[in-house]
Amino acid sequence: MRKLIYILFFIFPYSLWAQQNIEITVVDDDRLPLPGANVCLLTESGAKSYFVTNVDGQTNVSLSEKTFCTVSYMGFKTAEVELSPSSQNTTVKMKLDLLMLDQVVKTASVQPQTVDESIYRIQVIDGKQLEKIGAQTVQDALRFQPNINLAQDGVLGSKIIMQGLEGQHVKILIDGMPVVGRQGGDIDLGQLDVSSVDHIEVIEGPMSVIYGSNALAGTINIITKENKYKTLNASAKTYYESVGLFSVDANVSGAKNQHKWGVNAGTRLFNGFNPDESTRAMSFNPKDQYNADVYYGYKWKGWNTKVGGRFSREDLQIVGNYTNNANPIRAFDNYYTTDRGTVYGQFNKNFSNGDAFQGMISYNTYDRTGQTYFLKLDEGTKEQQGDDTYDAFQTWNARMSYEKRLNDWFKFDAGYELTDETGQGSKMKGDERLTENSLWTQLNIELNENWSLQPGARFIHHNQFDAPLIYSAHVKYQNEARWTGRLSFAKGFRAPSLKEMYMHFVDANHEIYGNPDLIPETSYSATANLNKDLDLSSKSVLRFEATGFYNHLFDVIDMAQGEGNSFVYMNISQKKTQGGTFKVSYNFNNQLKVDGGVTLTGISYDLENNGNFDFRYSTDFVSSLSYFWPSIDLSTRLDYKYTGKRTQLLLGTDEDNNSVVNEGYTDAYSMLNFSTTKNFKNKRYSVSAGVKNILDVTNVNNTASGGAHSGGSSSLIAWGRTYFVSLKINLNKK
Numbered sequence: 001m002r003k004l005i006y007i008l009f010f011i012f013p014y015s016l017w018a019q020q021n022i023e024i025t026v027v028d029d030d031r032l033p034l035p036g037a038n039v040c041l042l043t044e045s046g047a048k049s050y051f052v053t054n055v056d057g058q059t060n061v062s063l064s065e066k067t068f069c070t071v072s073y074m075g076f077k078t079a080e081v082e083l084s085p086s087s088q089n090t091t092v093k094m095k096l097d098l099l100m101l102d103q104v105v106k107t108a109s110v111q112p113q114t115v116d117e118s119i120y121r122i123q124v125i126d127g128k129q130l131e132k133i134g135a136q137t138v139q140d141a142l143r144f145q146p147n148i149n150l151a152q153d154g155v156l157g158s159k160i161i162m163q164g165l166e167g168q169h170v171k172i173l174i175d176g177m178p179v180v181g182r183q184g185g186d187i188d189l190g191q192l193d194v195s196s197v198d199h200i201e202v203i204e205g206p207m208s209v210i211y212g213s214n215a216l217a218g219t220i221n222i223i224t225k226e227n228k229y230k231t232l233n234a235s236a237k238t239y240y241e242s243v244g245l246f247s248v249d250a251n252v253s254g255a256k257n258q259h260k261w262g263v264n265a266g267t268r269l270f271n272g273f274n275p276d277e278s279t280r281a282m283s284f285n286p287k288d289q290y291n292a293d294v295y296y297g298y299k300w301k302g303w304n305t306k307v308g309g310r311f312s313r314e315d316l317q318i319v320g321n322y323t324n325n326a327n328p329i330r331a332f333d334n335y336y337t338t339d340r341g342t343v344y345g346q347f348n349k350n351f352s353n354g355d356a357f358q359g360m361i362s363y364n365t366y367d368r369t370g371q372t373y374f375l376k377l378d379e380g381t382k383e384q385q386g387d388d389t390y391d392a393f394q395t396w397n398a399r400m401s402y403e404k405r406l407n408d409w410f411k412f413d414a415g416y417e418l419t420d421e422t423g424q425g426s427k428m429k430g431d432e433r434l435t436e437n438s439l440w441t442q443l444n445i446e447l448n449e450n451w452s453l454q455p456g457a458r459f460i461h462h463n464q465f466d467a468p469l470i471y472s473a474h475v476k477y478q479n480e481a482r483w484t485g486r487l488s489f490a491k492g493f494r495a496p497s498l499k500e501m502y503m504h505f506v507d508a509n510h511e512i513y514g515n516p517d518l519i520p521e522t523s524y525s526a527t528a529n530l531n532k533d534l535d536l537s538s539k540s541v542l543r544f545e546a547t548g549f550y551n552h553l554f555d556v557i558d559m560a561q562g563e564g565n566s567f568v569y570m571n572i573s574q575k576k577t578q579g580g581t582f583k584v585s586y587n588f589n590n591q592l593k594v595d596g597g598v599t600l601t602g603i604s605y606d607l608e609n610n611g612n613f614d615f616r617y618s619t620d621f622v623s624s625l626s627y628f629w630p631s632i633d634l635s636t637r638l639d640y641k642y643t644g645k646r647t648q649l650l651l652g653t654d655e656d657n658n659s660v661v662n663e664g665y666t667d668a669y670s671m672l673n674f675s676t677t678k679n680f681k682n683k684r685y686s687v688s689a690g691v692k693n694i695l696d697v698t699n700v701n702n703t704a705s706g707g708a709h710s711g712g713s714s715s716l717i718a719w720g721r722t723y724f725v726s727l728k729i730n731l732n733k734k
């Protein structure tokens with residue numbers, strides 16, 4: 001017994017020393033505390049733990065062995081310190097990251113890397129910016145981005161244009177997994193809610209080797225929120241816009257030991273808007289949207305696994321005009337319901353030798369049903385006309401990639417991807433199927449401390465079409481004078497989609513015919529980017545950035561207009577787009593930020609395949625001004641975009657049914673938004689308010705001439721000037 005007491009007497013003090021508690025304080029350059037900073041501890045034995053600093057910028061940790069501490073905070077460079085059980089209380093001083101070069105991104109890499117490290121030019125729209133501008137959908141988030149234009153259709157929804165190329169050449173991902181369900185070649189970005197979005201990563205230029213079809217003009221990767229640090233986190237947000245738009249969403253998530261989980265749900269209700277009260281039909285139709293996300297993650301023997309599901313529904317009512325304006329008691333309305341569902345699994349591991357593995361598999365469903373009703377408004381009744389229309393698509397996507405590092409200057413990536421899509425519909429002839437298997441590889445070569453090179457190739461087997469070898473080359477240059485240059489070149493391939501070949505889409509304003517005789521597109525693309533950073537002081541920086549692009553497409557799949565509102569998909573011999581952007585950015589102490597950029601875009605078709613390209617150019621200008629008052633935690637932001645007069649080259653047919661290009665134009669217009677955000681109680685409560693479309697733009701002239709089907713109309717832009725307010729509540733438990 002006496003020996004046991006002696007043993008405990010000696011062991012107990014040692015245990016206290018071995019489990020040393022220390023206090024970590026995180027401050028900025030002025031030694032002001034940074035509350036909410038993320039602290040990651042990695043022990044020599046490989047155990048990880050996460051902490052978040054309190055209102056005083058402090059957190060207490062327990063150490064029993066040598067530990068590497070990584071501290072990250074939005075707007076500051078990541079800091080690293082080494083700790084041990086003998087360490088004293090530690091203060092970590094964070095340095096400003098005025099250009100957000102330490103922002104971690106996930107697109108186009110097996111392992112996460114910073115914006116500065118990536119060989120690609122990646123733009124990041126972070127969650128704070130989404131809240132400040134009152135963004136409800138991905139469409140709102142991209143509205144003021146340079147070299148991105150958005151168009152609106154009352155039925156098909158939003159349409160994106162990058163580098164002069166339409167949405168069928170833009171890859172849309174959520175956490176690296178493709179979004180399915182295109183209408184007219186485009187993903188309706190207004191159906192993609194941002195309530196569960198952490199940030200959005202945008203890459204301009206060709207990514208065909210890594211992401212295959214559609215990744216020609218650019219790639220947009222929507223990264224969702226994931227709780228890694230807090231035992232319990234809950235938030236709720238309401239939003240109201242004076243046009244009659246109301247939304248509410250709630251999120252709860254948790255993380256403990258090896259487990260993490262999260263649930264998000266929300267709804268957005270819109271009663272429709274019609275500036276012309278003389279008609280019953282609406283420019284913006286009533287729309288109700290619902291969304292839900294759930295995930296669960298587990299760490300096991302170095303593996304990070306995550307499974308989850310997403311669901312969204314949109315109920316859209318197309319309000320029709322009276323059949324007789326003199327006797328307004330009868331009308332036809334169309335109702336459309338769009339359901340999207342995704343279940344997925346993700347798994348990755350970083351090995352001790354520097355290698356990494358990443359895998360993901362997803363099953364996506366897209367269902368769209370439609371009904372037409374004849375309304376007897378005087379009797380308060382409605383009768384369905386004909387049978388329901390429906391379209392259903394199911395897509396399996398599996399992707400695996402491995403990164404092997406051979407030494408400090410050479411590594412390679414190799415991967416496999418499967419895409420299997422089936423479709424059924426009331427206008428389709430039976431079930432149709434497209435399957436694509438791909439193998440891809442990339443070499444990452446650090447030629448010296450300034451130059452890096454990344455050649456790559458993708459081998460494709462398609463069940464209906466012969467696919468060529470797809471290849472690319474990316475080059476990056478960076479020096480101590482803070483010049484950074486990037487150059488990308490790639491060959492692209494895009495097979496026709498099921499909808500482009502087989503679907504017949506009809507509503508009150510469109511009649512789109514598929515074409516089973518379509519052949520695949522091929523293309524060559526190049527993008528160059530050069531930027532120079534100037535430190536004006538320790539707290540202010542100026543950046544100059546220039547970007548150029550060139551795209552040459554063969555056998556382009558596009559819609560050609562026939563009689564009235566009918567369109568048919570067809571192959572066009574050649575199409576080119578070219579242009580560039582020049583941008584200047586200024587940041588003072590992450591308080592004052594000023595951005596401005598001008599973009600020139602040229603588009604041309606060559607129907608005769610004779611090499612004669614007559615480009616039509618348009619000019620856009622974007623700018624933003626924001627200021628943050630840290631003493632009262634208040635921020636304001638002003639966004640402006642000028643979209644220049646835009647020549648449209650509209651594919652059509654002449655009297656002899658020969659393909660022609662009808663030239664039209666859309667008038668120039670400007671958009672101006674203002675918003676302000678105030679945080680209370682250490683960011684527990686947040687209120688945002690502002691004015692959208694201050695200049696009250698609704699539509700602009702849109703004409704076409706020179707063809708058998710020339711005419712004139714107007715293009716729908718927005719629903720005019722509106723006011724919005726949003727309230728968010730955050731509840732956290734360490």
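Okay, so the sequence shown: first residue is 1 according to the UniProt record's numbering, each after it adds one. Cβ coordinates follow ideal geometry from the N, Cα and C atoms, glycine included. For clarity, every value in this text was computed on a predicted model and none was experimentally measured.
Using a 10 angstroms sphere on the CB of residue 194, the tally of other CB atoms reaches 16 or more, which defines it as buried.
In terms of Cβ geometry, residue 624 and residue 595 form a close pair [threshold 8 Å].
Residue 502 sits in a helix when the DSSP states are folded into three classes.
Contact annotation: residue 190 and residue 488 have beta-carbon atoms that are not nearer than 8 Å. Under the three-state reduction of DSSP, residue 208 is assigned to helix. 8 Å or more divides the Cβ of residue 722 from the Cβ of residue 283. Cβ-Cβ distances below 6 Å link residue 239 to 247 and 726 in the same chain, with the five nearest sequence neighbours on each side left out; the list follows chain order. For residue 464, no beta strand (DSSP E) segment is defined, and its DSSP state is neither H nor E. When the alpha-carbon of residue 413 is set against those of 441, 389 and 427, the nearest one is in 441. When Cβ pairs closer than 8 Å are counted between the two stretches, the stretch 425-440 is seen to touch the stretch 387-395, the count reaching three or more. Residue 364 is positioned such that its CB atom lies closer than 8 Å to that of residue 397. Buried is the label assigned to residue 618, since at least 16 other Cβ atoms lie within 10 Å of its Cβ. Put simply, the stretch 30-40 touches the stretch 49-63. At least three CB pairs are less than 8 Å apart. In this structure, DSSP gives residue 139 a helical state, which the three-state scheme calls helix.
In this structure, residue 121 keeps its C-beta atom at 8 Å or more from the C-beta atom of residue 222. When beta bridges are read from the DSSP output, residue 420 appears opposite 396 and 435.
In this structure the stretch 461-468 lies against the stretch 494-507, because at least three pairs of beta carbons, one per stretch, are closer than 8 Å. The closest CA to that of residue 295, considering only 369, 383, 208 and 175, is found on 175. The beta-carbon distance between residue 673 and residue 692, rounded to whole angstroms, is 5 Å. This is short enough to meet the 8 Å contact definition.
Residue range 127-132 is occupied by the alpha helix (DSSP H) that includes residue 130.
For residue 314, the enclosing beta strand (DSSP E) has its first and last residue at 303-318. When DSSP states are grouped into helix, strand and coil, residue 111 belongs to the coil group.
Excluding sequence positions up to five before and after residue 456, its CB lies within less than 6 Å of the CB of 209, 442 and 472, all in the same chain and listed in chain order. Linking residue 336 to residue 156 through their CA atoms gives a straight-line distance of about 11 Å. Taking 8 Å as the cut-off, the beta carbon of residue 698 is found no closer than this to the beta carbon of residue 665.
Under the three-state reduction of DSSP output, residue 168 falls in the helix class.
By a beta-carbon distance limit of 8 Å, residue 525 does not contact residue 588. Their separation comes to about 37 Å. Rounded to the nearest angstrom, the gap between the Cα atoms of residue 621 and residue 598 is 4 Å.
Scanning 584, 321, 103 and 460 for the CA closest to the CA of residue 376 turns up 321.
Sixteen is the threshold: when 16 or more other Cβ atoms of the shown chains lie within 10 Å of the Cβ of residue 245, as they do, the residue is buried. With contacts defined as CB atoms closer than 8 Å, residue 303 and residue 347 qualify as a contacting pair.
Secondary structure of residue 591 (DSSP, three-state): coil. Boundaries of the beta strand (DSSP E) around residue 527: 521-537.
The three-state secondary structure of residue 190, taken from DSSP, is helix. Taking each of 144, 161 and 145 in turn and checking the Cα distance to residue 151, the smallest one comes out for 161. Residue 76 sits buried, since 16 or more C-beta atoms from the chains shown fall within 10 Å of its C-beta.
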